[in-house]
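Sequential numbering from 616 applies to the sequence shown in the numbering used here.
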Amino acid sequence: MPRQLKAILFDFDDTLIDWGAVNVSWRDIEAAQLERVHGYVADKSKGYRASFEELIDIYWERTRRAWSEGRVNLRAPNMPQILLNTLRDLGADAELDARIIFEIYDWNAVPGAKVFPDVPPALQHLREHGIRTGIVTNASQPMWMRDAELITFGLIEFFPDCRVSGADAGYLKPHRRIFEMALGLLGTDPEETVFVGDNPVADIGGAQALGMHAVRRVNPGSSYNGRVTKPHQTLQSFAELPGILDGWYPEWRGSGR
Ligand SMILES: [Mg+2]
616 MPRQLKAILF DFDDTLIDWG AVNVSWRDIE AAQLERVHGY VADKSKGYRA
666 SFEELIDIYW ERTRRAWSEG RVNLRAPNMP QILLNTLRDL GADAELDARI
716 IFEIYDWNAV PGAKVFPDVP PALQHLREHG IRTGIVTNAS QPMWMRDAEL
766 ITFGLIEFFP DCRVSGADAG YLKPHRRIFE MALGLLGTDP EETVFVGDNP
816 VADIGGAQAL GMHAVRRVNP GSSYNGRVTK PHQTLQSFAE LPGILDGWYP
866 EWRGSGR
């Protein structure tokens, strides 16, 4: 007897959020945040003598190295840890309150990034049928940072209890641990959960290895490396998702309120 559909997990970037119009480098995106942090730390720490250029150079070299190692061993870079360690290695007072540093850093949605217009109606439709939804993203920022974007984009209400980043799990997709963390938060089995993402390696290969049905959002802007896994289904628009679910879980529309 086929299992019931209980939840859908979504990749975040290039699946829910369209980055196609963002043409600034990450280093430039983060420069304003880092400059504020640099000013605060220089003001509060007598031992901190770094210039802003030194901070950004060292921070970016460590970030770049963490990502290139992570792509091989699937251990997730942890952005707050990299930044705090860099500040301390440059002489910042170890007693500085990390919470204040990240309030000053004040992460939010990057100008130009926007929600794909097909996303809110699809999430609404799933919710009306009692299907739970979660996010699994290969981000070096914990979700307590990326939540600011979900609030700005008006999406946070759809993901009340399952938002997992690489930094939260310690691992990057396609490692099974990040998927297991999300399934644990939802309390669902892989057979009851569908994964939707744009990356055939991280999203599709990772989800299928756990036994989830995997749907690939075809996004011409997406890039990926590694062995490509064939998805169970592909879609160009989230409007196609209900029909795909009908094929796997014929009863799913009747499971709602
Ligand atoms: Mg993606």
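Idealized CB from N, CA, C, for every residue including glycine.
Counting along the chain, no alpha helix (DSSP H) covers A622; the unbroken beta strand (DSSP E) around it starts and ends at 622-625. If one requires a minimum length of 3 residues, the beta strand (DSSP E) runs lying completely within the stretch 770-806 are 778-780, in chain order.
Listed by position in the chain, the residues whose beta carbon lies within less than 6 Å of some heavy atom of ligand 1 are D626, D628, D629, T630, G812, D813, N814. Under DSSP, R831 forms a beta bridge with G812, T849. In this structure, the CA atom of G869 is about 18 Å from the CA atom of T803. For R747, there is no enclosing alpha helix (DSSP H); the residue is part of the beta strand (DSSP E) that begins and ends at 747-752. In this structure, A707 sits near G662, with a CB-CB distance shorter than 9 Å. For P775, the closest alpha carbon among the candidates V639, M758, H790, G781 is that of M758. A distance of 9 Å or more separates the beta carbons of R832 and L860.
For the pair of segments examined, the stretch 694-701 was found to touch the stretch 674-681: the number of CB pairs separated by less than 8 Å reaches three.
C-alpha of A713 to C-alpha of G862: approximately 48 Å in a straight line. F773 is the residue among S666, F773, L631, I632 whose C-alpha sits nearest the C-alpha of I746. The Cβ neighbour count for A636, taken over all protein chains shown within 10 Å, is under 16; the residue is labelled exposed. Per DSSP, A709 lies in no alpha helix (DSSP H) and is assigned neither H nor E. Contact between the stretch 775-784 and the stretch 805-824 is not established, with fewer than three Cβ pairs separated by less than 8 Å. The Cβ neighbour count for E684, taken over all protein chains shown within 10 Å, is under 16; the residue is labelled exposed.
Q619 and E669 have their C-alpha atoms some 54 Å from each other. As the crow flies, the alpha-carbon of V734 is around 34 Å from that of E650. If the five residues before and after P695 are omitted, its C-beta is found closer than 8 Å to the C-beta atoms of A713, F717, Q756, P757, M760, A782, all from its own chain and listed in chain order. With fewer than 16 other Cβ atoms inside 10 Å of its own Cβ, W641 counts as exposed. Counting the other Cβ atoms within 10 Å of the Cβ of S666 gives fewer than 16, which makes it exposed.
Inclusion of H828 and V809 in the CB contact set at 9 Å is warranted, their separation being smaller than that value.
Sorting A647, G799, R791 by C-alpha distance to the C-alpha of I819 places R791 at the top. Annotation for Q648: the continuous alpha helix (DSSP H) segment containing it runs 641-659. Under the three-state reduction of DSSP output, R679 falls in the helix class. Here R664 carries a coil assignment [DSSP, helix/strand/coil]. Contact between T748 and I623 holds, with the beta-carbon distance rounding to 5 Å and staying under 8 Å.
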